[in-house]
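Enquirer:
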Ligand code: CTP
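In this note's numbering, the protein residues as written are 1 to 473.
Structure follows, in C-alpha cells:
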C-alpha cells in the first residue's frame, strides 16, 4: 500500500503522529478508492487520541498560518493541503442504550471505530505510523468484498441500518455507482428496516438519489429502491407508475420500466443532472391522466402539461432546488412530446419555428430527451423516428441561422404599441403583440423591426386603431 501513500501529506502526518505518540490511520472511502483505482480528494484520518491535536500539529508543520477548521462538538478537525481535504478524528466507540437512539460516544480502539462504519469496503484502514507505514488493517474482510464486488455491513445489518438509516440509501447508491451486489442479509435488512428512512432528512436522501441518477446505470438503483420497499416511501409518484393494466385485451406499457429505460438511454448523452431528472419525470403524470376509452384504448391525455404542473410540488416536497433548475425540468416535461409529434407529421417550417421559440436555448437538450424517449422494440419504427429527428434537427439549424428565433423577443414591444396607438394596458395590446409573434413564427414576415412595424399598423387598422398623429410616419 506504501506506493499509494506517496503524497507529501502522509509523511507529514506520520511524523507528527509519531511525535505525539498516537497511532494513526487513513481510513474509509479513501482506502476503498485506492483499491478500486478511483480518484479521491477527501482523506479521513483516525487516530487513537485527539484528532484535533493531531490536526493542529500537522497544520503547524505545513506552515504556521495553515488554517484548521475545528468542530469541537464532534471532536473533528479539517485542513486543506495541495488540493486535498483531510479530516482528523479520534477513534470512537459508540454504544446504544435500549430506549434511546442517541449514541453514547467514548474513546475506543481502531476496531471499535471500524465496526461502527457502514460497510466492510468502507471500514478499511492503513497505518501511517513510521513503524507500520502502509500496513492494511482489515478485520471484516473488506478487501475480499471489494474483489468480489459485494456490499456488506461489518456488524449485523439490522444494527448498522438502525444506527443510521441513511446507510440503506448508501448501500443502494454504492451498489449502483460501483456495480456491486448487495449481500443477501444486508439487502433483506434494508427491506425490514425500510420505514426507518422516514427519520432521515430529505436533503440527505436526495444527495444519494442524485448520485444514483448521475451513475452509469441509474435503473439498477431505482429497481433496488423498489425491491426493498424504499421507493414507495421516498418517491411515491414514481412508484405509482409501476405496472400494466389490461382491459378488453388492450394493455399499456409499464411506465416505471419505460421511464428507467429512458433514463439509462440518456446517460451516455448527458451529464446534466437536471436533464437526467427530466428523463425521470417526463411521464410522471401518466398515472394521474390514465383513461381507458372503449374501442380506442389507453390514453394519457395532456400528461405533459399535468406533469409540468406537478413539478413545483414534487421539488418542494423532495427539497430539490426551487429555482431555474426546476423551471428547466418543467419546460422539458411540458415540451417532451413536441419533437415526436412534429416528426410524425410533415415537418413544416412554422412548426419548427414554434418549437424553437418555446424551447429557446434548451432545444438541444429537448431533442436529446426525445431521442432517449424512443424505446420501442420495433426497430423499423425506431429507425423511422430517428431519421425524422435528424430532419427536425437539420430544419432547426437551418431556421435558426435564417430567422434567429431562439430566445427571440418580439421586435416591437408592448410599450411601443401602447405609445404609438395611445393605448393603456389592455386586451388590444395583447392581441397585437401575439399577432406579430404569430406572423413571424408562421413565416408571414421576417424577424425584423420594419416588417413587424408595418404589419402592426395593418393589424391595428383592422381593429379600428389609428396611430397618434405625430407617430404616424
Ligand atoms: N460512513 C458511515 N456511515 C455513513 C456515512 C459515512 O459509516 N452514513 C463512514 C464510511 O466509513 C465512509 C466514511 O464514513 O467511508 C466517509 O464518508 P463519506 O465521505 O460520506 O463517504 P465516502 O465513503 O468517502 O464515499 P463518497 O465520497 O462517495 O460519499
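Even glycine gets a Cβ: it sits at the ideal position worked out from N, Cα and C. Bear in mind the structure is a predicted one, so any value in this text is a computation, not a measurement.
Over what stretch of residues does the alpha helix (DSSP H) that includes residue 141 continue unbroken?
Expert: Numbered from its first residue, the chain shown carries residue 141 at position 141. Run containing residue 141: none; DSSP gives neither H nor E here.
Enquirer: Tell me which same chain residues have a C-beta within less than 6 Å of the C-beta of residue 116, skipping the five on either side of it?
Expert: Within the chain shown, residue 116 is the residue found at index 116, counting from 1. 94.
Enquirer: Can you tell me whether residue 10 is buried or exposed, with buried defined as 16 or more other CB within 10 angstroms of its CB?
Expert: Here residue 10 refers to the residue found at position 10 when the chain shown is read from its first residue. It counts as buried.
Enquirer: To the nearest angstrom, report how far apart residue 374 and residue 148 are at their CA atoms.
Expert: Within the chain shown, numbered from 1, the residue matching residue 374 stands at position 374. Within the chain shown, numbered from 1, the residue matching residue 148 stands at position 148. Taking the straight line from one Cα to the other gives about 36 Å.
Enquirer: Could you tell me the alpha carbon to alpha carbon distance between residue 472 and residue 420, rounded to whole angstroms?
Expert: Against the chain shown, residue 472 aligns to sequence position 472. Against the chain shown, residue 420 aligns to sequence position 420. Any reading at residue 472 is ruled out, since the residue's pLDDT is 44, under 50, leaving its predicted position unreliable.
Enquirer: Look up residue 107 in the DSSP assignment and give the residues it is bridged to.
Expert: Residue mapping note: residue 107 aligns to position 107 of the chain shown, counting from 1. Beta-bridge analysis with DSSP links residue 107 to 92.
Enquirer: Are the CB atoms of residue 264 and residue 219 within a distance shorter than 7 Å?
Expert: The residue given as residue 219 occupies position 219 in the chain shown. The residue given as residue 264 occupies position 264 in the chain shown. Cβ atoms of residue 219 and residue 264: closer than 7 Å.
Enquirer: Can you give the beta carbon distance from residue 152 to residue 119, rounded, assuming they're within the 8 Å contact cut?
Expert: Here residue 152 is taken as the residue at index 152 of the chain shown, counted from 1. Here residue 119 is taken as the residue at index 119 of the chain shown, counted from 1. The Cβ separation is near 6 Å, so the contact holds.
Enquirer: State the Cα-Cα distance for the pair residue 444 and residue 438, rounded to the nearest angstrom.
Expert: Residue 444 sits at position 444 when you count from the first residue of the chain shown. Residue 438 sits at position 438 when you count from the first residue of the chain shown. The straight-line gap from Cα to Cα measures roughly 8 Å.
Enquirer: Please determine whether the Cβ atom of residue 28 lies at a distance below 6 Å from any heavy atom of the ligand CTP.
Expert: As a working mapping, residue 28 is identified with position 28 in the chain shown. Yes, the beta carbon of residue 28 sits closer than 6 Å to at least one heavy atom of the ligand CTP.
Enquirer: What separation, rounded to the nearest whole angstrom, lies between the Cα atoms of residue 245 and residue 187?
Expert: The sequence position of residue 245 within the chain shown is 245, counting from 1. The sequence position of residue 187 within the chain shown is 187, counting from 1. About 29 Å.
Enquirer: Between which residues of its own chain and residue 252 is the CB-CB distance below 7 Å, once the five residues before and five after are set aside?
Expert: Start at 1 with the first residue of the chain shown, and residue 252 comes out as number 252. The residues 244, 245, 298, in chain order, have a CB closer than 7 Å to that of residue 252 in the same chain once the five nearest residues on each side in sequence are set aside.
Enquirer: So for residue 297, helix, strand or coil by DSSP?
Expert: In the chain shown, counting from the first residue as 1, residue 297 sits at position 297. In the structure shown, residue 297 sits in a strand (DSSP, three-state: E or B).
Enquirer: Can you tell me the Cβ-Cβ gap for residue 22 and residue 54, rounded? I've got them flagged as a contact below 8 Å.
Expert: By 1-based counting over the chain shown, the position of residue 22 is 22. By 1-based counting over the chain shown, the position of residue 54 is 54. Confirmed, Cβ separation roughly 6 Å.
Enquirer: How is residue 151 classed by DSSP in three states: helix, strand or coil?
Expert: Taking the chain shown and counting its residues from 1, the one referred to as residue 151 is at position 151. Strand, per DSSP.
Enquirer: Is the closest heavy atom of the ligand CTP to the C-beta of residue 36 under 6 Å?
Expert: For the purposes of this step, residue 36 is identified with residue 36 of the chain shown, where counting begins at 1. No, the ligand CTP has no heavy atom inside 6 Å of this Cβ.
Enquirer: Taking residue 42 as part of the beta strand (DSSP E), name the residues at either end of that continuous run.
Expert: In the chain shown, the residue the question calls residue 42 occupies position 42. Residues 42 to 47.
Enquirer: Taking 6 Å as the cut-off, is the beta-carbon of residue 271 closer than that to any non-hydrogen atom of the ligand CTP?
Expert: Counting from one through the chain shown, the residue named residue 271 turns up at place 271. No, the beta carbon of residue 271 sits no closer than 6 Å to any heavy atom of the ligand CTP.
Enquirer: Per DSSP, residue 26 forms a beta bridge with which residues?
Expert: For the purposes of this step, residue 26 is taken as residue 26 along the chain shown, with counting starting at 1. Residue 26 pairs with 45, 126.
Enquirer: Excluding the five sequence neighbours on either side, which residues of its own chain have a C-beta within less than 8 Å of the C-beta of residue 395, listed in chain order?
Expert: In the chain shown, the residue the question calls residue 395 occupies position 395. Only 347, 349, 352 meet the Cβ criterion.
Enquirer: Could you tell me the distance, in whole angstroms, from the CA atom of residue 26 to the CA atom of residue 161?
Expert: On the chain shown, position 26 is the one that residue 26 refers to. On the chain shown, position 161 is the one that residue 161 refers to. Taking the straight line from one Cα to the other gives about 24 Å.
Enquirer: In terms of residue numbering, what span does the beta strand (DSSP E) encompassing residue 80 cover?
Expert: Translated into positions along the chain shown, residue 80 becomes position 80. Residues 76 to 81.
Enquirer: When the Cα atoms are used, what is the spatial distance from residue 285 to residue 278?
Expert: Working through the chain shown from its first residue, we reach residue 285 at position 285. Working through the chain shown from its first residue, we reach residue 278 at position 278. Distance between the alpha carbons of residue 285 and residue 278 is about 13 Å.
Enquirer: Whole angstroms are fine: how far does the CA of residue 422 sit from the CA of residue 434?
Expert: By one-based count along the chain shown, residue 434 stands at place 434. By one-based count along the chain shown, residue 422 stands at place 422. Approximately 18 Å between the Cα atoms of the pair.
Enquirer: Taking its Cβ as the centre, do 16 or more other Cβ atoms sit within 10 Å of residue 339, making it buried, or is it exposed?
Expert: Here the question's residue 339 lines up with position 339 in the chain shown. A residue is called buried once 16 or more other Cβ atoms fall within 10 Å of its Cβ, and residue 339 is buried on that count.
Enquirer: What did DSSP end up calling residue 463 once you bin it into helix, strand or coil?
Expert: What you label residue 463 is simply residue 463 of the chain shown in a count that begins at 1. Looking at residue 463 - three-state DSSP - the assignment turns out to be coil, as it is neither helix nor strand.
Enquirer: Should residue 118 be counted as a contact of the ligand CTP given a C-beta to heavy atom distance under 6 Å?
Expert: On the chain shown, position 118 is the one that residue 118 refers to. Checking the Cβ of residue 118 against the ligand CTP gives yes.
Enquirer: Rounding to the nearest angstrom, what Cα-Cα distance links residue 364 and residue 432 in this structure?
Expert: Against the chain shown, residue 364 aligns to sequence position 364. Against the chain shown, residue 432 aligns to sequence position 432. Residue 364 and residue 432: Cα-Cα distance of roughly 31 Å.
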